[in-house]
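Heads up: the sequence shown runs through residues 10 to 331, numbered per the working numbering. Working notes for the structure below.
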Amino acid sequence: MGVKTTSQKPSRNLKRKNILSIKQLNQTALTEIFLLAEKMRVIATHAQPSKILAGKIVTLLFYEPSSRTLSSFDAAIKQLGGQTIVINNPTELSSIAKGESFEDTVRTLEAYCDAIVIRHPQAGFAEKAADSTTSIPIINAGDGIGEHPTQALLDLFTIKTHKKSLDNLKGLIVGDLMNGRTVHSLLRGLSLYKNNEIYLLAPRNLGLQKELLKELTKTGLSLFEISSLNQIPSACDFWYWTRVQKERFKTLAEYKKVNNKFIVTKELLDKFGTKDTILLHPLPRTGEIKKNLDDDPRSVYLKTQIRNGMYIRMALLALILT
Ligand code: NCD
Numbered sequence: 010m011g012v013k014t015t016s017q018k019p020s021r022n023l024k025r026k027n028i029l030s031i032k033q034l035n036q037t038a039l040t041e042i043f044l045l046a047e048k049m050r051v052i053a054t055h056a057q058p059s060k061i062l063a064g065k066i067v068t069l070l071f072y073e074p075s076s077r078t079l080s081s082f083d084a085a086i087k088q089l090g091g092q093t094i095v096i097n098n099p100t101e102l103s104s105i106a107k108g109e110s111f112e113d114t115v116r117t118l119e120a121y122c123d124a125i126v127i128r129h130p131q132a133g134f135a136e137k138a139a140d141s142t143t144s145i146p147i148i149n150a151g152d153g154i155g156e157h158p159t160q161a162l163l164d165l166f167t168i169k170t171h172k173k174s175l176d177n178l179k180g181l182i183v184g185d186l187m188n189g190r191t192v193h194s195l196l197r198g199l200s201l202y203k204n205n206e207i208y209l210l211a212p213r214n215l216g217l218q219k220e221l222l223k224e225l226t227k228t229g230l231s232l233f234e235i236s237s238l239n240q241i242p243s244a245c246d247f248w249y250w251t252r253v254q255k256e257r258f259k260t261l262a263e264y265k266k267v268n269n270k271f272i273v274t275k276e277l278l279d280k281f282g283t284k285d286t287i288l289l290h291p292l293p294r295t296g297e298i299k300k301n302l303d304d305d306p307r308s309v310y311l312k313t314q315i316r317n318g319m320y321i322r323m324a325l326l327a328l329i330l331t
């Protein structure tokens, strides 16, 4: 197979590489992506699209719903002069509905494009796509409860933009840490940097999987599991709130039991945070952030964080495809 995955060592050279997990990237690669993303911030203001991806076609194959990831990838490719094939809901709207296998779908698309960005409800399916293709890179846009590496890149980039460094951070991550793939990728990203101290707050039974906790602890990342809002440490650099992942529950009743256990309000942020504690959320939010925080200068979730998603994806695609 051309672009192999599992064996891919962390590296800085992204040309024609799959991006399936943050584990495949090292700090040098991240620095390079962030530097280029800064340039993309400027390129995106130009009246004409750049020609960096001229002649390139990228397929966006989304088996799960998406607002930001799909549209920011689409916008990123178009900002760089490339084109997209968007396949939303392929289970109903492509030949998969006629019984075509996942592998055949991916191999077919490989014949028409230069890369596939894939979102799938099952962990491991981005890797499966990479194993099914021989010549084009696969980018994981979220695989079930696995990872969401490009979200982590934009989250890290956002934190770096506001805090200047990704070392020596004190952070709080709240929500469905078991099922939340953005959290898995973000923690792996933070573990590439020095001296970070992260507090984890999840509803009962939705804590980080023990295996991941072990893997992260081994890297030197300091993790502290807390169990109530009152235990939030003072003066964090960032708070990263997430929703409970409704689609991963067997029944609505089970979901309702744990949903919105932890809600962030302005009062809470005033009490435990500082004027510089930034509040991130990968979105969508489903009640866990009060609306009166939207205009708070510390809230970045509907502001820089989503816009950064486009710059990061522009940078990543440019590094992979040119
Ligand atoms: C996240 C996802 O799909 O994992 N959304 C996103 O891509 N910004 C978070 C979520 O759905 O909760």
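We put the beta carbon where it would ideally sit given N, CA and C, even for glycine.
Exercise for the section: Evaluate A120 with the Cβ neighbour count: other Cβ atoms within 10 Å of its Cβ, from every protein chain shown; 16 or more gives buried, anything less gives exposed. Expected result: Within the sequence shown, the letter at position 111 stands for residue 120. A120 is exposed by the Cβ-count criterion.
Practice task
Please find out if some non-hydrogen atom of the ligand NCD comes closer than 7 Å to the beta-carbon of R77.
Solution key: Numbered from 1 along the sequence shown, position 68 holds the residue referred to as residue 77. Yes, since a heavy atom of the ligand NCD falls inside the 7 Å radius drawn around the Cβ of R77.
Problem - From S141, L209, K223 and K227, residue whose alpha carbon lies closest to that of I235 - result: Counted from its first residue, the sequence shown places residue 235 at position 226. Ranking S141, L209, K223 and K227 by Cα distance to I235 puts L209 first.
Problem - Option nearest S308 by Cα separation, candidates E73, G282, I321 and R322 - result: Residue mapping note: residue 308 aligns to position 299 of the sequence shown, counting from 1. Cα-wise, what sits closest to S308 is G282.
Exercise for the section: Assuming K179 contacts P242 (C-beta within less than 8 Å), just tell me the rounded distance between them. Expected result: Looking up residue 179 in the sequence shown gives position 170. Looking up residue 242 in the sequence shown gives position 233. Contact holds; Cβ gap of about 7 Å.
Practice task
Determine the closest residue to N204 out of I298, P293, L225 and S194, with distance taken between C-alpha atoms.
Solution key: Along the sequence shown, one-based indexing puts residue 204 at 195. Out of I298, P293, L225 and S194, L225 has the C-alpha closest to the C-alpha of N204.
Practice task
Could you please give the first and the last residue of the uninterrupted beta strand (DSSP E) stretch that includes N317?
Solution key: Counted from its first residue, the sequence shown places residue 317 at position 308. Careful: N317 lies outside any beta strand (DSSP E), inside the alpha helix (DSSP H) at T313 to L330.
Handout entry: Cβ separation of Q118 and L69, assumed to be a contact under 8 Å, to the nearest whole Å
Key = Walking along the sequence shown from the start, residue 118 turns up at place 109. Walking along the sequence shown from the start, residue 69 turns up at place 60. With the sequence shown as reference, residue 118 is identified as Leu, and Gln is not the correct amino acid for it. Between L69 and L118 the Cβ distance is about 10 Å, and since that is not below 8 Å, they are no contact.
Exercise for the section: Using 10 angstroms around the beta-carbon of K312, count the other beta-carbons present and answer buried if the total reaches 16, otherwise exposed. Expected result: In the sequence shown, counting from the first residue as 1, residue 312 sits at position 303. When all chains shown are included, K312 counts as exposed.
Problem - the stretch 187 to 202 contacting the stretch 238 to 252, beta-carbon criterion three pairs below 8 Å - result: yes
Handout entry: Of the residues I147, Y320, L23 and G216, the one placed nearest M49, counting alpha carbons only
Key = Stepping through the sequence shown from its first residue, residue 49 is reached at position 40. Measuring from the Cα of M49, the nearest candidate turns out to be Y320.
Handout entry: Extent of the continuous alpha helix (DSSP H) run through S141
Key = Along the sequence shown, one-based indexing puts residue 141 at 132. F134 to S141 is the extent of the alpha helix (DSSP H) around S141.
Exercise for the section: Run the proximity test for R316: is its beta-carbon closer than 7 Å to any non-hydrogen atom belonging to the ligand NCD? Expected result: Your numbering for residue 316 matches position 307 in the sequence shown. It does not: the Cβ of R316 is nowhere closer than 7 Å to a heavy atom of the ligand NCD.
Problem - Span separating the alpha-carbon of E41 from that of K265 - result: On the sequence shown, residue 41 is found 32 positions in, with the first residue counted as 1. On the sequence shown, residue 265 is found 256 positions in, with the first residue counted as 1. About 42 Å.
Handout entry: Candidates L292, I298 and T286: closest to P306 by CA position
Key = Here the question's residue 306 lines up with position 297 in the sequence shown. Per the Cα distances, T286.
Exercise for the section: Would you list the one or two residues that DSSP bridges to Y208? Expected result: To locate residue 208, count along the sequence shown from 1; it is residue 199. Paired residues: L181 and F233.
Exercise for the section: Could you name the residues that DSSP lists as bridge partners for Y202? Expected result: As a first step, residue 202 must be located in the sequence shown, where it is residue number 193. Answer is none; Y202 lacks a bridge partner.
Exercise for the section: Answer yes or no: does any C-beta atom of chain B fall closer than 8 Å to that of G90? Expected result: Judged by its chain identifiers, the structure shown contains no chain B, having just a single protein chain.
Handout entry: the stretch 89 to 98 in contact with the stretch 53 to 68 per 3-pair CB rule at 8 Å
Key = yes
Exercise for the section: With a cut-off of 8 Å on the beta carbons, I'd call I28 and T159 a contact; round off their distance for me. Expected result: In the sequence shown, the residue the question calls residue 28 occupies position 19. In the sequence shown, the residue the question calls residue 159 occupies position 150. Indeed, because the Cβ distance is near 7 Å, the residues count as touching under 8 Å.
Problem - Between the CA atoms of I66 and N214 - distance to the nearest angstrom - result: Locating residue 214 in the sequence shown gives position 205, counting from the first residue. Locating residue 66 in the sequence shown gives position 57, counting from the first residue. Looking at the two C-alpha atoms, the distance is approximately 42 Å.
Exercise for the section: In angstroms with no decimal places, state the Cα-to-Cα distance between Q240 and F233. Expected result: Residue mapping note: residue 240 aligns to position 231 of the sequence shown, counting from 1. Residue mapping note: residue 233 aligns to position 224 of the sequence shown, counting from 1. Roughly 11 Å between the two C-alpha positions.
Practice task
Buried or exposed for I207, please, with buried defined as at least 16 other CB atoms from any protein chain shown within 10 angstroms of its CB.
Solution key: To locate residue 207, count along the sequence shown from 1; it is residue 198. When all chains shown are included, I207 counts as buried.
Exercise for the section: Could you check the C-alpha separation between A135 and T295 for me, to the nearest Å? Expected result: One-based indexing of the sequence shown puts residue 135 at position 126. One-based indexing of the sequence shown puts residue 295 at position 286. Going by the C-alpha atoms only, they are around 27 Å apart.
Practice task
Report the three-state DSSP secondary structure of H171 (helix, strand or coil).
Solution key: Within the sequence shown, residue 171 is the residue found at index 162, counting from 1. Here H171 sits in helix by DSSP.
Handout entry: Residues bridged to R128 (per DSSP)
Key = Residue numbering aside, residue 128 sits at position 119 when the sequence shown is read from its first letter. In the DSSP output, where bridge partners are listed per residue, R128 has F71.
Practice task
Verify the contact flag: G153, CB atom, against every heavy atom of the ligand NCD, threshold strictly below 7 Å.
Solution key: Counting from 1 along the sequence shown, the entry for residue 153 is found at position 144. Not under cutoff, so the answer is no.
Practice task
Report whether the distance from the Cβ of R190 to the nearest heavy atom of the ligand NCD is below 7 Å.
Solution key: As a first step, residue 190 must be located in the sequence shown, where it is residue number 181. Under cutoff, so the answer is yes.
Practice task
State yes or no: is the C-beta of E220 within less than 8 Å of the C-beta of S30?
Solution key: Looking up residue 220 in the sequence shown gives position 211. Looking up residue 30 in the sequence shown gives position 21. Not closer than 8 Å, so no.
Handout entry: Same chain only: Cβ atoms within 6 Å of Q36, ignoring 5 sequence neighbours per side
Key = The residue given as residue 36 occupies position 27 in the sequence shown. Counting only Cβ-Cβ distances below 6 Å, and skipping sequence neighbours, we find L201.
Problem - Heavy atom of the ligand NCD within 7 Å of Q160 beta-carbon - result: Position 151 of the sequence shown, counted from the start, is the residue given in the question as residue 160. Yes; taking the cut-off as 7 Å, the Cβ of Q160 has a heavy atom of the ligand NCD nearer than that.
Exercise for the section: Just mark N149 as buried or exposed, buried being the case when its beta carbon has 16 or more other beta carbons within 10 Å. Expected result: For this step, residue 149 is matched to residue 140 along the sequence shown. Burial call: buried.
Handout entry: L292 CB to nearest heavy atom of the ligand NCD below 7 Å
Key = As a first step, residue 292 is located in the sequence shown; it is residue number 283 there, counting from the start. Checking every heavy atom of the ligand NCD against the Cβ of L292, one is found closer than 7 Å.
Problem - According to DSSP, residues forming a beta bridge with D176 - result: Taking the first residue of the sequence shown as position 1, residue 176 is located at position 167. In the DSSP output, where bridge partners are listed per residue, D176 has none listed.
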